[in-house]
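Comments concern the structure below.
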Amino acid sequence: MTWSAVVSELYIGGEFRPAASGRSAPVHEKATGAQIGAYALGDGVDVDRAVAAARAAQPGWAALSAPERAAYLRRFGDRLQERYEDLVALSMRETGGVRAKAEDEVSTSIRQLAISAVQATENAGDILPPYKAGKLSLSRVVPLGVIGVITPWNYPMNLAMRMVAPGLAFGNTIVLKPSELTPMIGGQVLAEAADHAGLPPGVLNVVTGDGLEAGRALSEHRGLDLLDFTGGREAGLAIAASAATDLRAVRLELGGDNAFIVLDDADIELAASCAMIASLEFQGQTCISSSRHIVMRSVADRYLEAVTRRAEALRVGDPMAPGVDLGPLISEAQRDRVHRRIVEPSIAKGARLVTGGTYDGPFYRPTVLADVTPEMPAFTEEIFGPVIPVTVVDSEDEAVELANRHPMMMDSVFTADLMRGMSVAERLQAGEVHVNDAHARHGAENQMPGFTKRQWIGVQRTPLDLPAWARG
Ligand code: NAD
């Protein structure tokens, strides 16, 4: 098997093959619209085959020793590492992200494999406190069985890998369905690397296809022991409703409407630099993007000026061209969602467009909206685009109350007083809170905690360790 990344086929039971229906669809470069490949349009028939292959392979895979499985994972990572430059370029073309984003994605995926390989060999369970004197209580790590993994288009490789690598490490087998917008970097290249690494047939299977066909077939499959879904709320609701009918196990990683709070004693230049990362990195298309900036009145004008100055200096264009800070949105449909469902209706309700709000094809100018109130879509919706909506508040209590109105994954608080930052963080109902930092230290080492509380203090983040484009 040679590396392809041109026409992606399904990978089932260790074989690359077209979809059972024979259908395929084009893959486009997001900046230029050029066709860069094609992907097989898998459906329920292919999903059945992939789940059967994963089921057949699972006992043998689980029966290997942990060091043997770890060795396969390291080889899997080595095969990705050998293609690092190709994969970074493919990620840039297929997702529309700039080089730093693509490097982050590919290197995190490789590190995830290395970390999972180690974890598998060092933790087989725990010795528990005995419930009664004289008893010995043990817990043992056992595989779940066959795991279905459905992933989105924004960080397709590492969002797949965060379940694929630990899943494989602990003796599970996998059926992966990547997003139809990124089937190559999110699926095909992983299948090729696993194949080159010699993973036994059926241990990792990849079924490309559309959400309503391959995705739905996988999410409703009775042959899975767990369905791991990362994506939007709408599909998440459909999957949860279907799973509830016969209590199938699902794990849903959905979106968030994250808050970025600037208190009256904050270092405004630092906050504005971090805002570039928090709201504009990968054009704001991440689940941890800050989509509400809640700012105290006494610093609001200075904050608006500082974020606007930085946003206006950013260069938007084809990420393959030198000097580009922000690439295209993933699709024109996504651009329309940002513009027509968020920006325009918010302006119609009284928000003030400070900068941006215009586009050229899928390229959306970084946008700052002032006078945003809690009834506007710019406040109520997850934006998933390069927009900084600023809502002014009069007190810390009001900031916390407004922030907590929506589900949040990752918030930020800016203040000169660390203890004040910690106390606000304590009151935020977010999975993770950063004090004086943007969503920062994310990688394979500190995975997204979901909606559980965790706090980070970003004391290490100074304007100097931000990328140049964000510093302003
Ligand atoms: P999406 O829900 O449209 O698609 C995600 C995946 O689900 C794709 O593979 C798609 O083909 C599939 N799918 C779509 N409808 C389906 C259905 N009815 N049944 C089964 N599968 C279906 O999401 P997207 O547009 O690809 O990604 C953006 C969303 O993902 C945002 O809301 C973002 O916040 C969220 N996200 C969350 C995380 C996280 O870790 N929590 C990470 C990244 C993105």
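Per my numbering, residue 1 is the first one in the sequence shown, and the count goes up by one each step.
Even for Gly, the Cβ is constructed at its ideal location relative to N, Cα and C.
Buried or exposed for Gln35, going by 16 or more other Cβ atoms inside 10 Å? The residue labelled residue 35 in the question sits at position 35 within the sequence shown. Per the 10 Å Cβ criterion, exposed.
For a quick check, are the C-beta atoms of Glu396 and Val424 less than 8 Å apart? Position 396 of the sequence shown holds residue 396. Position 424 of the sequence shown holds residue 424. In contact: Glu396 and Val424 (Cβ atoms closer than 8 Å).
Considering only their Cβ atoms, is the gap separating Arg315 from Asp301 smaller than 8 Å? In the sequence shown, counting from the first residue as 1, residue 301 sits at position 301. In the sequence shown, counting from the first residue as 1, residue 315 sits at position 315. By the CB criterion at 8 Å, Asp301 and Arg315 fall outside the cutoff.
Roughly how many angstroms separate the alpha carbons of Ser137 and Pro200, rounded to a whole number? Here the question's residue 137 lines up with position 137 in the sequence shown. Here the question's residue 200 lines up with position 200 in the sequence shown. Spanning the two alpha carbons is a distance of roughly 35 Å.
Using the rule of at least 16 other Cβ atoms within 10 Å of the residue's Cβ for burial, across every protein chain shown, is Arg251 buried or exposed? Taking the sequence shown and counting its residues from 1, one reaches residue 251 at position 251. Per the 10 Å Cβ criterion, exposed.
So, Gly327 versus Gly202, is the Cβ gap smaller than 8 Å? Here residue 327 corresponds to residue number 327 of the sequence shown, with the count starting at 1. Here residue 202 corresponds to residue number 202 of the sequence shown, with the count starting at 1. Against a cut-off of 8 Å, the Cβ pair of Gly202 and Gly327 comes out as no contact.
Beta-carbon gap between Ala54 and Thr151 smaller than 8 Å: Sequence index remark: in the sequence shown, residue 54 carries index 54 (1-based). Sequence index remark: in the sequence shown, residue 151 carries index 151 (1-based). For Ala54 and Thr151, no; Cβs fall outside 8 Å.
Would you say Ser8 and Gly187 are within 8 Å of each other, going by their C-beta atoms? The residue labelled residue 8 in the question sits at position 8 within the sequence shown. The residue labelled residue 187 in the question sits at position 187 within the sequence shown. Yes. Within cutoff.
Tell me whether Asn258, by its Cβ, gets closer than 7 Å to a heavy atom of the ligand NAD. Reading the sequence shown from its first residue, position 258 is the one you call residue 258. Asn258 Cβ: outside cutoff for every heavy atom of the ligand NAD.
Closest by CA to Ala20, which one among Gly256, Ala102, Gly215, Leu10? The count along the sequence shown starts at 1 and reaches residue 20 at position 20. If we check each option's Cα against that of Ala20, Leu10 comes out closest.
Should Val387 be labelled buried (16 or more other beta-carbon atoms within 10 Å of its own) or exposed? Here residue 387 refers to the residue found at position 387 when the sequence shown is read from its first residue. Buried is the call here.
In this structure, does DSSP put Asn158 in helix, strand or coil? Working through the sequence shown from its first residue, we reach residue 158 at position 158. Note: Asn158 maps to helix in three-state DSSP.
In the structure shown, what three-state DSSP assignment does Thr511 receive? Nothing can be reported for residue 511, as the shown portion of the chain is limited to 1 through 472.
Between Thr342 and Gly96, is the Cβ-Cβ spacing less than 8 Å? On the sequence shown, position 342 is the one that residue 342 refers to. On the sequence shown, position 96 is the one that residue 96 refers to. The sequence given here has Ile at residue 342, not Thr. No; because the gap between Cβ atoms is not below 8 Å, this pair is not in contact.
Per DSSP, which residues does Pro26 bridge with? Please list them. On the sequence shown, residue 26 is found 26 positions in, with the first residue counted as 1. Per DSSP, Ala38.
Where Lys135 and Ala66 are concerned, what is the direct C-alpha to C-alpha distance, given to the nearest angstrom? Here residue 135 refers to the residue found at position 135 when the sequence shown is read from its first residue. Here residue 66 refers to the residue found at position 66 when the sequence shown is read from its first residue. Near 28 Å, if we compare the C-alpha coordinates of Ala66 and Lys135.
Could you tell me the distance, in whole angstroms, from the CA atom of Arg79 to the CA atom of His196? For the purposes of this step, residue 79 is taken as the residue at position 79 of the sequence shown. For the purposes of this step, residue 196 is taken as the residue at position 196 of the sequence shown. Straight-line Cα distance between these residues: approximately 7 Å.
Counting along the chain, where does the alpha helix (DSSP H) carrying Leu138 start and finish? The residue you call residue 138 lines up with position 138 of the sequence shown. Here Leu138 belongs to no alpha helix (DSSP H); instead the beta strand (DSSP E) covers 137-140.
Please report the distance separating the alpha-carbon of Thr32 from that of Glu82. Taking the first residue of the sequence shown as position 1, residue 32 is located at position 32. Taking the first residue of the sequence shown as position 1, residue 82 is located at position 82. If I take the Cα positions, the gap works out to 27 Å.
What are the complete alpha helix (DSSP H) segments, minimum 4 residues, inside the segment 41-85? Secondary structure in the segment 41-85: the alpha helix (DSSP H) runs of 4 residues or longer, each lying completely within the stretch, are 44-63, 66-82 in chain order.
Between Val51 and the rest of its own chain, which residues show a CB-CB distance below 7 Å, the 5 nearest in sequence each way excluded? For the purposes of this step, residue 51 is taken as residue 51 along the sequence shown, with counting starting at 1. These residues qualify, in order along the chain: Val146, Val175, His221, Gly223, Leu224.
Residue of Pro156, Val392, Ile127 minimising C-alpha distance to Glu103: Stepping through the sequence shown from its first residue, residue 103 is reached at position 103. Nearest option by C-alpha distance: Pro156.
I need the DSSP call for Leu10, collapsed to helix, strand or coil. As a first step, residue 10 must be located in the sequence shown, where it is residue number 10. Residue state, collapsed to three classes: strand.
Tell me whether Asn154, by its Cβ, gets closer than 7 Å to a heavy atom of the ligand NAD. Against the sequence shown, residue 154 aligns to sequence position 154. Yes.
By Cβ distance, which residues of its chain are closer than 7 Å to Ala117, with the 5 residues on each side in sequence left out? To locate residue 117, count along the sequence shown from 1; it is residue 117. Excluding sequence neighbours, Ala117 sits near Ala70, Leu73, Arg74, Ala169.
Let me check one thing: in DSSP terms, what residues is Tyr364 bridge-paired to? In the sequence shown, residue 364 corresponds to position 364, counting from 1. Tyr364 pairs with Tyr359.
Is it buried or exposed for Ile127, if we count other Cβ within 10 angstroms and need 16 for buried? Here residue 127 is taken as the residue at index 127 of the sequence shown, counted from 1. Per the 10 Å Cβ criterion, exposed.
Residues near Arg297 in its chain [Cβ-Cβ closer than 6 Å; skip 5 each side]: The residue labelled residue 297 in the question sits at position 297 within the sequence shown. Only Val392, Asp394 meet the Cβ criterion.
Closer than 6 Å by C-beta to Ser290: which residues in its own chain qualify, once you throw out the five before and the five after it? Chain order, please. Looking up residue 290 in the sequence shown gives position 290. Within the same chain, Ser290 has close Cβ partners Asn258, Phe260, Ala278, Ser279.
Beta-carbon contacts of Thr308 that lie in its chain and below 6 Å, excluding the five residues immediately before and after: On the sequence shown, residue 308 is found 308 positions in, with the first residue counted as 1. These residues qualify, in order along the chain: Val354, Thr355, Val368.
Roughly how many angstroms separate the alpha carbons of Pro183 and Thr208, rounded to a whole number? In the sequence shown, the residue the question calls residue 183 occupies position 183. In the sequence shown, the residue the question calls residue 208 occupies position 208. If I take the Cα positions, the gap works out to 6 Å.
Hey, quick one: how far does the beta strand (DSSP E) through Phe379 stretch, first residue to last? Locating residue 379 in the sequence shown gives position 379, counting from the first residue. Run containing Phe379: none in the beta strand (DSSP E); it sits in the alpha helix (DSSP H), 377-380.
Which residue wins for smallest C-alpha separation from Thr358, given the options Gly198, Ala165, Arg340, Lys101? Position 358 of the sequence shown holds residue 358. Ranking the options by Cα distance to Thr358, first place goes to Arg340.
Straight-line gap, Gly323 to Phe76 (C-alpha atoms, nearest Å): Taking the sequence shown and counting its residues from 1, one reaches residue 323 at position 323. Taking the sequence shown and counting its residues from 1, one reaches residue 76 at position 76. When rounded, the distance between both Cα atoms is 33 Å.
Beta-carbon spacing of Asp411, Ala430 below 8 Å: Here residue 411 refers to the residue found at position 411 of the sequence shown. Here residue 430 refers to the residue found at position 430 of the sequence shown. Closer than 8 Å, so yes.
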